[in-house]
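The structure appears below as structure tokens.
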Amino acid sequence: MADYKRSAGTLIYIDGLPVGKVNSFTRTREVSEEDVTGFEDVQGTAPEQINVLQFIAVAVGETAALGGISLEGDDGQDALSDAADSGQIVVIKQETQAGSGFELTGFLTNFEETGEIPGTYTWTANFRVNSKSKIGS
Amino acid sequence: MSDKKVVPDQQEVDRRLRLLDEAEERAREYQTMELSSDYDEAIKEHRKRKQPLIVKFQGKRYEMPSSIPFSLSVFIMRECIQKVKGSDGKMKEIFVFPDDKVLEFMERVFGKQFAQAVMSSDIGTDFVAEVIIPDILGKWGLMVNNNQSEEKKTAIPG
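Sequence lines, in order, name chains A and B. My numbering puts the first residue of the first sequence at 4, with every later residue one more than the last. My numbering puts the first residue of the second sequence at 8, with every later residue one more than the last.
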């Protein structure tokens, strides 16, 4: 049987199986900083002397706000809901039609679902990105 | 426990991708439906609830809408209502028939068939203006308060 012709887009996978489509995606990078100002970091002369604050980045983190759809039941919505409840690793693949793109691995930090369309759930979630890799060519 | 990575069944992956595409299509259709309104069913319901008015004229019965057609409301506001200064100096609204719009007004109020019957009959303009038109507009809830119709009230049987 020939492979299903995939459309370009962003999909969410659990254990290698697609469980949802991502329709909106916003990535945010956060940098944690630390004040490392020393005695020498001053400007001017007394009594007008002031400290010039110096910071360094000590941690970089990335999160993504997602919105999308999933199938009702075990094939989608239940799997996503369980993953959010248990902190299970999920993978987000952003893929072009040619098969290249990015793969983000992490877990859901919150998950909200709405079931107003028959057979389809719409959901929004926040995703903590732990690793990122290129896929395809 | 083995560390061996589970390789997903490609057929299962393809099946889910196909179902997800279908689900996405459903979601798109649902959103389109949510943004649109279909009034046809509502109009059917509305017409069921509101029975048409029946008028009898020269032995024939004619069906009229139970409420004023929207197009007629717009026509009246645009063409037939005029503001004039009364004898007390205050502005008041009066109902007039512009000469060049009489035929259009008749058809809009009576409907084409009834208008045709009225126009081909020998009844006087005063009867049409003072009896028929105020009666129909009155049944539609429009207040017609011309001086002439106040002075010459004609009883309508039934």
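Cβ coordinates follow ideal geometry from the N, Cα and C atoms, glycine included.
task: Within the region 41-78 of chain B, note down every full alpha helix (DSSP H) run reaching 4 residues or more, in order along the chain.
output: Fully enclosed alpha helix (DSSP H) runs of 4 or longer: 47-56.
task: Please report the residue range of the beta strand (DSSP E) in which LYS24 (chain A) lies.
output: Under the DSSP assignment, LYS24 (chain A) falls in the beta strand (DSSP E) whose first and last residues are 20-38.
Contacts around VAL55 (chain A), its chain only, beta-carbon distance under 8 Å, and the 5 residues preceding and following it disregarded: Cβ within range, chain order: THR40, ASP44, VAL45 and GLN46.
message: When you compare the CB positions of GLN97 (chain A) and GLY90 (chain A), do they come within less than 8 Å of one another, or not?
response: In this structure, GLN97 (chain A) lies away from GLY90 (chain A), with their beta-carbon atoms at least 8 Å apart.
- prompt: Where DSSP assigns a beta bridge to TRP147 (chain B), which residues make up the other side?
  reply: Bridge partners of TRP147 (chain B): none, in fact.
Test item: CB-CB of TYR16 (chain A) and GLY79 (chain A) under 8 Å: Going by C-beta atoms, TYR16 (chain A) is not nearer than 8 Å to GLY79 (chain A).
- request: Quick one: list the residues of chain A neighbouring LEU27 (chain B), beta-carbon separation under 8 Å, in chain order.
  value: By Cβ distance, chain A contributes LEU14, PRO21, GLY23, LYS24, ILE72, SER73, LEU74 and GLY79.
Opposing strand residues paired with THR127 (chain A) [DSSP bridges]: According to DSSP, which records beta bridges pairwise, THR127 (chain A) is partnered with A:GLY70 and A:GLU115.
message: Assuming VAL91 (chain B) and ILE83 (chain B) are in contact, meaning their beta carbons sit under 8 Å apart, how far apart are those beta carbons, in whole angstroms?
response: The Cβ separation is near 16 Å, so there is no contact.
- prompt: Is there contact between the region 65-80 of chain A and the region 16-28 of chain A, where contact requires at least three CB pairs shorter than 8 Å?
  reply: Three or more Cβ pairs closer than 8 Å define a contact, and the region 65-80 of chain A meets that threshold against the region 16-28 of chain A.
- prompt: Alpha carbon to alpha carbon, what distance is there between ASP18 (chain A) and ARG32 (chain A)?
  reply: Answer to the nearest angstrom: the Cα atoms are 26 Å apart.
query: Can you name the residues that DSSP bridges to ASN54 (chain A)?
result: Looking at the DSSP assignment, ASN54 (chain A) forms a beta bridge with A:VAL45.
message: DSSP has GLU137 (chain B) in a bridge; who is on the other side?
response: Paired residues: none, contrary to the question.
- prompt: Of all Cβ atoms in chain B, is any one closer than 8 Å to the Cβ of ILE120 (chain A)?
  reply: Look at ILE120 (chain A): its C-beta is under 8 Å from a C-beta on chain B.
task: With distances taken Cα to Cα, identify the nearest neighbour of ALA67 (chain A) among A:SER35, A:GLU36 and A:ARG30.
output: Taking only the C-alpha atoms, the option nearest ALA67 (chain A) is A:ARG30.
task: From the DSSP output, in three-state form, read off THR99 (chain A) for me.
output: If DSSP states are grouped into helix, strand and coil, THR99 (chain A) belongs with coil.
task: Just tell me which of A:GLU115, A:GLU106 and A:GLU37 has its CA closest to the CA of GLN57 (chain A).
output: That would be A:GLU37, whose Cα lies nearest to the Cα of GLN57 (chain A).
- prompt: What's the gap between the Cα of MET98 (chain B) and the Cα of GLN120 (chain B)?
  reply: A direct Cα-Cα distance of roughly 37 Å separates MET98 (chain B) from GLN120 (chain B).
- request: Helix, strand or coil for VAL103 (chain B), going by three-state DSSP, please let me know.
  value: Per DSSP, reduced to three states, the secondary structure at VAL103 (chain B) is coil, with no helix or strand assignment.
- request: Compare the C-beta of VAL116 (chain B) with all C-beta atoms of chain A and state if any pair is closer than 8 Å.
  value: Not one chain A Cβ lies under 8 Å of VAL116 (chain B).
query: When the distance is taken between beta carbons, is GLN65 (chain B) closer than 8 Å to ALA136 (chain B)?
result: Here ALA136 (chain B) is not near GLN65 (chain B), since their CB atoms are 8 Å or more apart.
message: So, under 8 Å CB-CB, GLU115 (chain A) and THR127 (chain A) are touching, yes? Tell me the CB distance rounded to an integer number of Å.
response: Indeed they touch by this definition, with Cβ atoms about 5 Å apart.
task: Report the rounded CA-to-CA distance for LEU149 (chain B) versus ASP142 (chain B), giving the unit in angstroms.
output: Cα to Cα, the separation comes out at about 10 Å.
- prompt: In chain order, what residues of the region 89-104 of chain A put their CB closer than 9 Å to some CB of chain B?
  reply: Across the region 89-104 of chain A, no CB contact with chain B closer than 9 Å is found for any residue.
message: In the DSSP output, which residue or residues are listed as bridge partners for GLY12 (chain A)?
response: Beta-bridge pairing links GLY12 (chain A) to A:GLU98.
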